[in-house]
Each structure stands twice: as C-alpha cells, then as structure tokens.
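Peer 1:
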Ligand code: GLA
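In the numbering used here, the protein residues as written are 35 to 753.
1) According to DSSP, is residue 423 helix, strand or coil?
2) Is any heavy atom in the ligand GLA found nearer than 7 angstroms to the beta carbon of residue 613?
3) Between the C-alpha atoms of residue 410 and residue 349, what's the straight-line distance to the nearest angstrom?
4) DSSP beta-bridge partners for residue 648?
5) I'd like the span of the alpha helix (DSSP H) that includes residue 2, first residue to last.
6) Whole angstroms are fine: how far does the CA of residue 718 sit from the CA of residue 548?
7) Answer with buried or exposed for residue 107, where buried requires no fewer than 16 other C-beta atoms within 10 angstroms of its C-beta.
8) Might you give, ordered along the chain, the residues of its own chain that have their beta carbon closer than 7 angstroms to the beta carbon of residue 682, omitting 5 neighbours on each side?
9) Would you call residue 413 buried or exposed, if buried means 16 or more other Cβ atoms sit within 10 Å of its Cβ?
10) Enumerate in chain order the residues of its own chain whose CB-to-CB distance from residue 690 is below 8 angstroms, with the five nearest sequence positions on each side excluded.
11) Tell me whether residue 403 sits in a helix, a strand or coil according to DSSP, three-state version.
12) Give every residue of the same chain whose Cβ lies closer than 6 angstroms to the Cβ of residue 275, excluding the five residues on either side of it in the sequence, and list them in chain order.
13) Helix, strand or coil: how does DSSP classify residue 641 here?
14) Report yes if the C-beta of residue 349 is less than 7 angstroms from at least one heavy atom of the ligand GLA; otherwise report no.
15) If you draw a straight line from the alpha carbon of residue 314 to that of residue 399, how long is it in whole angstroms?
16) Does the distance from the C-beta atom of residue 501 to that of residue 464 stay below 8 angstroms?
17) Determine the contact status of residue 754 and residue 495, defining contact as a CB-CB distance below 8 angstroms.
18) Any contact between the stretch 527 to 536 and the stretch 259 to 267? By contact I mean 3 or more CB pairs, one from each, below 8 angstroms.
19) Could you give the distance in angstroms between the alpha-carbon of residue 753 and the alpha-carbon of residue 728?
20) Tell me the DSSP bridge mates of residue 210?
21) Residue 217 and residue 569 - do their beta-carbons sit closer together than 8 angstroms?
22) Any heavy atom of the ligand GLA closer than 7 angstroms to the Cβ of residue 557?
23) Please state the DSSP three-state secondary structure of residue 334.
24) Can you determine whether any heavy atom of the ligand GLA sits closer than 7 angstroms to the C-beta of residue 562, and answer yes or no?
25) Closest to residue 298 by CA distance: which of 198, 614, 184 is it?
26) Just to confirm, are residue 393 and residue 452 a CB contact at a threshold of 8 angstroms?
27) What first and last residue would you give for the beta strand (DSSP E) that runs through residue 409?
28) Taking Cβ to Cβ, would you say residue 498 is nearer than 8 angstroms to residue 446?
29) So, for residue 518: in the same chain, excluding its five sequence neighbours on each side, which residues have a beta-carbon less than 7 angstroms away from its beta-carbon?
30) Looking at C-beta atoms only, is the number of pairs between the stretch 288 to 305 and the stretch 319 to 330 that lie closer than 8 angstroms three or more?
31) For residue 56, is the classification buried or exposed, using 16 other Cβ atoms within 10 angstroms of its Cβ as the cut-off for buried?
32) Mark residue 388 as exposed unless 16 or more other C-beta atoms lie within 10 angstroms of its C-beta, in which case mark it buried.
33) Our contact map puts residue 657 next to residue 677 with C-beta atoms below 8 angstroms; I'd like the distance itself, whole angstroms only.
34) Could you tell me the distance, in whole angstroms, from the CA atom of residue 612 to the CA atom of residue 438?
35) Count the CB pairs spanning the stretch 84 to 103 and the stretch 148 to 167 that are closer than 8 angstroms, and state whether there are at least three.
36) With DSSP run on the structure shown, which of helix, strand or coil describes residue 567?
Okay, structure coming up:
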C-alpha cells in the first residue's frame with residue numbers, strides 16, 4: 035500500500051490519499067473527509083504520485099450548483115451536498131441528527147491492503163468506521179459501522195455503500211428471476227438514471243439476486259472494462275447502479291431496512307453487510323473469477339478442500355414417501371452408479387407426511403422411520419456412501435408440537451390474520467428460546483446420527499415479520515440464522531452444509547461463508563438449467579453449484595431431454611442425481627454410471643479450474659467450460675438452445691488458451707448422444723484433432739450439426 039501520510043489526523047488533512055493494489059487492480063481512496071471516497075477503482079496504476087490522481091480528476095464547479103463538489107464517498111451524505119440518494123439515513127426521536135456530515139478522525143492500515151477510516155459527526159453524535167480491503171486476487175470489499183455516540187436513541191433507516199465506477203460504463207446488466215428460473219440477466223444502455231433492485235422478502239431471493247454489473251460499451255466475456263458489485267447478505271437488500279446528474283456513476287448496495295427495524299441505544303452500533311466489488315479490464319470472465327477465488331479462499335473451504343462427492347437427493351425420487359425398503363433400494367442403486375453421498379430430503383421428521391405439517395419438530399418420525407434413521411444410515415454408509423439430511427429450521431407449521439406449545443414464537447405481526455407460504459409460518463429465530471429449541475434439536479440430530487451433510491432449506495418469503503417486540507424482525511432473523519449455522523458448525527466441524535431456499539432463493543457470499551454448496555434451482559430441466567447455471571456462474575465456482583441429473587421429463591417444466599443433454603449440463607457443477615433410480619431400466623443405470631464415471635474423471639479440473647464463458651456467436655448456442663489454471667487442460671460445452679437460424683453451428687472459438695501450446699482436442703461422448711441430421715459431419719470427433727491455442731482462438735473448431743436442446747462437449751489437453 036502506498037500512502038502519502040502516516041495515520042494521524044493532522045497529516046491526514048494534508049494529503050490523505052491511499053493506494054491499494056492487488057490482482058492487477060488499483061484502488062485509490064481520498065480519506066480527507068473521514069469517509070473514504072474512492073477516486074479510482076480500475077486498472078493497476080503502478081507506482082504513482084498519489085496527489086496527482088486527485089489533481090487530475092478534480093471536478094470543476096459548474097454554475098447552478100453548490101460552491102463545491104460533494105465527494106462521492108463510500109457512504110454518500112446529504113449533509114455534504116451530495117445530489118444522489120444518501121447512503122446514510124438516520125434520525126433521533128426528536129427528528130434531529132438526520133443530515134450527518136463527517137470529519138476525519140483516524141486512518142489505520144491493519145495490513146498492506148486494508149484501510150480503516152474512522153469519521154465523526156460531533157453535532158449528530160455519530161461515528162462511522164469504513165473498511166476498504168482488496169484481496170490478492172483483486173476483489174474489493176467495503177463495509178461500514180455506524181456507532182451512536184450520543185445519549186439518545188438513534189433510528190437507522192439506511193446505511194448503503196457506494197463503489198464509484200468509470201463514466202465510460204455505458205451498459206448495465208441487472209439480474210432477476212423466479213422460483214425455478216433463477217439468475218436471469220437483462221442488459222440495457224446506461225445513459226442516465228438509476229437501476230435499483232430491492233427485495234423485502236427476507237431472503238436473498240429468487241427475484242433480486244444482489245448482483246449488478248456495468249461495463250464499457252459492448253463489453254463481453256473477454257472484452258471491455260467491467261465492474262460488478264455483490265452484497266454478501268442473505269436478507270432484505272437494495273443493490274444497483276446510480277448515475278448522478280453530473281455524470282458520476284457508482285454501484286451501490288445495502289441491507290434494506292423496514293421502518294423502525296434498527297434503533298441504536300447509546301454506544302450501540304450497526305454494521306453493513308460487505309459490498310464486494312470486482313473489476314476487470316478485459317471482460318466479464320476476469321471479474322467473475324475474482325468472486326470464485328474469494329469463495330474458494332473462504333476459510334471453511336480452503337482448510338478442507340475435499341473432492342465434491344457425487345450426490346443423490348431423494349426429493350424428486352420419493353417426495354414424502356419415506357418407505358424404508360424403497361429408500362434402501364434407492365441407496366443400493368445410487369451406490370451402484372457411483373454416488374458417494376445419499377441425502378434424505380423432506381419427510382423424515384415430526385408429522386411431516388405432507389408439506390402442511392411437522393416443521394419445527396426436528397425429531398425422527400416413528401411413522402416414517404419406525405426404527406429410527408440408523409438402519410437407513412447404516413445401510414447407506416455400508417454401501418460406502420456418506421449420509422446427508424434435509425432441514426428447514428427457520429420455519430414452523432401450525433400442525434407441529436412446537437407450535438402447539440409455543441404459538442407465540444412465530445415471526446408475524448399480532449392483530450393480523452397469518453400469512454402462510456406453502457402452508458407454513460416463520461419461526462422467530464431471534465427469540466432466544468426458539469433459537470435454543472432449534473439448536474438443541476439439530477445438535478442432537480447431528481450428535482446422535484452419522485450425518486455428514488445438512489441441506490438447509492427456507493421455503494417461503496417473510497411477510498409482516500415482527501419479532502417479540504412487534505418491530506420488524508427480518509434483519510435480526512438473518513443474523514440469528516447466521517448465528518445458528520455458525521454454532522452448529524462449531525459443534526460439528528465435520529458436517530457440511532448446503533444453502534437451499536426453494537432452490538436458488540438464498541445464494542450470496544454471506545451464506546457461502548458458512549455453507550459448502552448451493553442448491554442452484556428446483557428446476558432440473560437441462561435447457562433452463564443452462565441459462566440458470568450460466569447466470570449463477572458469474573458469482574460462484576462450479577464446485578459449490580449443486581447441479582443434478584433429473585428424470586427424463588423434468589418435474590418443474592414437463593420438458594423431456596435425453597440423458598446426454600441432462601448429464602452434459604449437470605456435469606459442470608457439483609454433480610448430483612435427483613431421479614427415482616427405481617424407475618430406471620438397466621440400460622439407463624449403465625448409462626448413468628458411465629456419466630458419473632466421466633464426471634469423476636474430470637472432477638478435479640472442473641472443481642479447481644477457471645470458469646470460462648464464451649459470448650454467443652449465433653442465435654442458438656451457449657458455450658462455456660473450465661480451463662485449468664495453467665491452461666494445459668480444458669473441458670468445454672456447446673449447448674444448442676433452440677433450432678437456430680442456421681442448421682450449422684459456427685466454429686467454436688476458444689479465447690484465452692495458451693496461444694503457443696498444441697492441444698489434443700477430443701470429443702467427450704455421452705451415452706446415447708445423437709447429433710443433428712446431416713449428409714456428413716466433421717471428421718475430427720472420431721479420432722480427435724491437434725490445434726494450437728492460437729488456432730482455437732483464431733479460427734476455432736467446427737462442430738457437427740446439433741439438434742436443439744443437445745450439447746456437445748470437448749476435452750483439450752496440451753501436448
Ligand atoms: C424445496 C427444495 C427442494 C426440496 C423441497 C422439500 O422446494 O428446494 O429441493 O428439498 O423443498 O420440501
């Protein structure tokens with residue numbers, strides 16, 4: 035880190051610039067106002083004279099405006115004259131302290147790539163500490179803590195963070211979705227105005243994943259400058275991009291608070307979730323891989339880098355039919371096709387014979403499992419697989435022992451009719467007794483059984499979620515959730531966790547800090563999955579993305595696909611199976627076994643390599659894959675998403691390989707794979723072909739004609 039002063043307030047007012055560098059990225063911050071203002075977040079600047087950056091970028095004061103230019107600080111303040119939406123909105127009971135303006139107190143550098151700046155407002159009696167950190171891969175993380183230094187209560191309505199981007203950012207990609215179709219993206223020009231997405235549904239949400247991306251005109255996977263921002267938070271949030279009237283632009287994100295949700299007593303503080311930015315000078319891929327490296331470096335993953343076991347999840351196979359004989363037969367078949375982890379989904383506990391009862395009672399149902407779970411677990415482990423189990427700890431059914439004993443433990447607003455989702459209510463986890471109840475039962479479940487994996491679900495949005503004090507409780511609920519998983523992890527360090535929320539309703543780096551895997555979507559339709567997984571892969575590396583081979587006809591869409599397409603799609607994640615194998619023919623089981631074997635052969639590459647996506651070169655294709663870090667090996671898929679205007683796909687061009695290396699390219703054949711109708715196909719798939727990286731990037735490789743909703747996979751190995 036370069037800095038033009040030592041960390042002391044007097045000197046800070048002279049030339050308070052800080053330059054942090056990492057992963058080919060430079061961040062220059064001006065700390066003179068106390069709340070750091072990022073004046074450059076982009077390409078590495080090398081060794082520079084810091085004051086010159088500020089001089090070079092100082093804005094003129096035009097007519098018609100205030101006599102100074104309000105800084106675009108990480109927490110923009112109306113009190114500074116900031117013309118955009120304020121990052122901080124607070125007030126006291128008498129309405130005062132509503133327009134804070136901070137001055138610098140101290141600047142610290144706990145390490146060479148972290149800056150901690152503390153600012154104070156002595157009038158409003160506030161202290162704001164902002165942390166800026168750049169990891170060695172270039173991911174930029176900012177967060178702020180607001181402390182009430184006054185005597186009276188302080189109501190916090192918003193504390194949003196801002197990451198400035200270049201004025202050249204001309205296009206914006208925002209993300210949305212729904213249950214069964216997560217991480218859909220839409221792109222538009224960003225000529226003016228703001229694009230904000232918000233959710234108050236109490237979870238990360240299917241509808242508004244907390245991710246936004248902007249870039250220079252026409253930016254793609256391999257070209258253009260790109261800035262992304264992601265809020266690492268599993269609750270209500272606001273994320274977006276703002277263009278100020280003077281042309282300055284920034285990405286923003288924060289915890290979206292309900293009225294009255296946060297009130298700080300004297301001395302108390304409020305900390306934002308981290309807003310994580312990722313810049314790339316050369317397209318989306320580089321920006322996206324910074325997030326992947328961050329996820330991979332998270333302590334629980336880095337310290338325990340296990341091969342991701344091929345899983346079988348029982349949900350779509352048996353739903354609530356927990357017949358012991360059937361489950362054991364399913365396990366037999368799972369083991370026979372190469373499955374390594376068997377996960378017992380919903381239906382094993384309390385009165386859970388359907389989805390209207392039982393949530394809240396996390397004890398084994400004697401109706402479903404008269405001899406307990408041990409016989410099944412022993413059967414599963416005896417077959418060489420580990421055992422996982424489904425829970426939904428934040429929920430409660432009225433038809434449960436827990437509700438009958440404690441009807442007041444729900445997260446709802448008294449005086450109104452209950453709002454149910456999937457027939458269930460939400461348990462107020464921030465209530466210590468409720469937290470303890472769930473902790474005790476789950477702890478016992480993990481203590482008493484040989485469970486290696488917990489699929490943690492959350493199947494309904496929060497509405498009118500008031501806690502015991504009748505105030506909005508969504509934020510406290512999210513924090514309690516984190517606390518509960520953290521405590522269980524501490525007590526059971528060998529157990530892995532999956533985040534699921536009706537599929538991909540809780541995918542964010544807050545929950546990923548305490549889980550090993552996400553259930554990407556309840557949709558196992560390979561066609562939709564291609565798009566869902568491509569969107570999810572912007573944020574997540576393949577090994578945390580749960581991708582299952584479903585039955586031939588997808589339960590959520592009714593669409594039918596051959597195993598070759600289903601497998602080639604699920605292959606590029608943490609592979610699982612969600613199919614009633616008891617319905618399968620011997621041929622299907624053999625084919626499935628060969629697909630599992632294929633995945634295992636490439637698993638190390640898939641789960642440690644660099645994710646690459648290719649810009650569409652025709653109207654029907656979607657291509658992407660994984661390159662090994664040293665570019666000596668790659669696995670790439672081209673999926674034909676529709677019939678397309680041309681029967682012939684364009685040559686598949688693979689940028690980013692080692693231009694001088696010679697690659698042996700082979701076709702990875704999937705069982706029963708068929709291509710499109712043609713009088714002749716290219717000859718190379720039969721025996722492979724050797725091409726240089728420059729050729730693969732320059733002229734590419736012609737693929738055969740393909741039917742719609744089919745994929746073609748190739749493997750590349752440098753000679
Ligand atoms: C959610 C999950 C599914 C399954 C069911 C069980 O919908 O996304 O995978 O676990 O709950 O009720």
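Ideal Cβ placement from N, Cα and C applies to all residues, glycine included.
From a predicted model like this one, the values you see are computed outputs, not experimental measurements.
Peer 2: Put simply:
1) Residue 423 sits at position 389 when you count from the first residue of the chain shown. Three-state DSSP puts residue 423 in a strand.
2) Here residue 613 corresponds to residue number 579 of the chain shown, with the count starting at 1. No - the ligand GLA has no heavy atom lying nearer than 7 angstroms to the Cβ of residue 613.
3) Numbered from its first residue, the chain shown carries residue 410 at position 376. Numbered from its first residue, the chain shown carries residue 349 at position 315. Rounded to the nearest angstrom, the two C-alpha atoms are 16 angstroms apart.
4) In the chain shown, residue 648 corresponds to position 614, counting from 1. According to DSSP, residue pairing for residue 648 in a beta bridge involves 657.
5) No answer is possible for residue 2: the residues shown for the chain start at 35 and end at 753.
6) By one-based count along the chain shown, residue 548 stands at place 514. By one-based count along the chain shown, residue 718 stands at place 684. The alpha-carbon atoms of residue 548 and residue 718 are separated by roughly 46 angstroms.
7) Here residue 107 corresponds to residue number 73 of the chain shown, with the count starting at 1. Buried.
8) The residue labelled residue 682 in the question sits at position 648 within the chain shown. Annotation for residue 682: 739 place their beta carbon closer than 7 angstroms to its own, counting only its chain and skipping 5 residues before and after.
9) Mapped onto the chain shown, residue 413 falls at position 379. By the neighbour-count definition (other C-beta atoms within 10 Å, threshold 16), residue 413 is a buried residue.
10) For the purposes of this step, residue 690 is taken as the residue at position 656 of the chain shown. Excluding sequence neighbours, residue 690 sits near 256, 319, 646, 661, 665, 731.
11) The residue you call residue 403 lines up with position 369 of the chain shown. The answer is coil: DSSP assigns residue 403 none of H, G, I, E or B.
12) Locating residue 275 in the chain shown gives position 241, counting from the first residue. Cβ within range, chain order: 206, 229, 246, 248, 285.
13) On the chain shown, position 607 is the one that residue 641 refers to. In the structure shown, residue 641 sits in a helix (DSSP, three-state: H, G or I).
14) Residue mapping note: residue 349 aligns to position 315 of the chain shown, counting from 1. Checking the Cβ of residue 349 against the ligand GLA gives yes.
15) For this step, residue 314 is matched to residue 280 along the chain shown. For this step, residue 399 is matched to residue 365 along the chain shown. Distance between the alpha carbons of residue 314 and residue 399 is about 52 angstroms.
16) Along the chain shown, one-based indexing puts residue 501 at 467. Along the chain shown, one-based indexing puts residue 464 at 430. Cβ distance < 8 angstroms, so residue 501 and residue 464 count as in contact.
17) No statement about residue 754 is possible, as the shown extent of the chain runs from 35 to 753 and does not include it.
18) No, they do not touch.
19) Translated into positions along the chain shown, residue 753 becomes position 719. Translated into positions along the chain shown, residue 728 becomes position 694. Cα to Cα, the separation comes out at about 14 angstroms.
20) Taking the chain shown and counting its residues from 1, one reaches residue 210 at position 176. When DSSP reads this structure, residue 210 sits in a beta bridge with 218.
21) Sequence index remark: in the chain shown, residue 569 carries index 535 (1-based). Sequence index remark: in the chain shown, residue 217 carries index 183 (1-based). A contact, by the Cβ cut-off of 8 angstroms.
22) By 1-based counting over the chain shown, the position of residue 557 is 523. False, no ligand heavy atom lies under 7 angstroms from that Cβ.
23) In the chain shown, residue 334 corresponds to position 300, counting from 1. Helix at residue 334.
24) For the purposes of this step, residue 562 is identified with residue 528 of the chain shown, where counting begins at 1. Not under cutoff, so the answer is no.
25) Start at 1 with the first residue of the chain shown, and residue 298 comes out as number 264. For the residues 198, 614, 184, the minimum Cα distance to residue 298 belongs to 184.
26) The residue given as residue 393 occupies position 359 in the chain shown. The residue given as residue 452 occupies position 418 in the chain shown. Cβ atoms of residue 393 and residue 452: not closer than 8 angstroms.
27) Looking up residue 409 in the chain shown gives position 375. Residue 409 -> not in any beta strand (DSSP E); alpha helix (DSSP H) instead, spanning 408 to 416.
28) Here residue 498 is taken as the residue at index 464 of the chain shown, counted from 1. Here residue 446 is taken as the residue at index 412 of the chain shown, counted from 1. Cβ distance < 8 angstroms, so residue 498 and residue 446 count as in contact.
29) As a working note, residue 518 is residue 484 in the chain shown. Closer than 7 angstroms at Cβ, skipping near neighbours: 427, 463, 469, 472, 473.
30) Contact fails: fewer than three Cβ-Cβ distances are below 8 angstroms.
31) Translated into positions along the chain shown, residue 56 becomes position 22. Label assigned to residue 56: buried.
32) For the purposes of this step, residue 388 is taken as residue 354 along the chain shown, with counting starting at 1. Under the 10 Å beta carbon count, residue 388 is surrounded by fewer than 16 other beta carbons and is classified as exposed.
33) Residue mapping note: residue 657 aligns to position 623 of the chain shown, counting from 1. Residue mapping note: residue 677 aligns to position 643 of the chain shown, counting from 1. That belief does not hold up - the Cβ atoms of residue 657 and residue 677 are roughly 17 angstroms apart, past 8 angstroms.
34) Counted from its first residue, the chain shown places residue 612 at position 578. Counted from its first residue, the chain shown places residue 438 at position 404. One C-alpha to the other measures close to 34 angstroms.
35) The stretch 84 to 103 is not in contact with the stretch 148 to 167.
36) Along the chain shown, one-based indexing puts residue 567 at 533. In the structure shown, residue 567 sits in a helix (DSSP, three-state: H, G or I).
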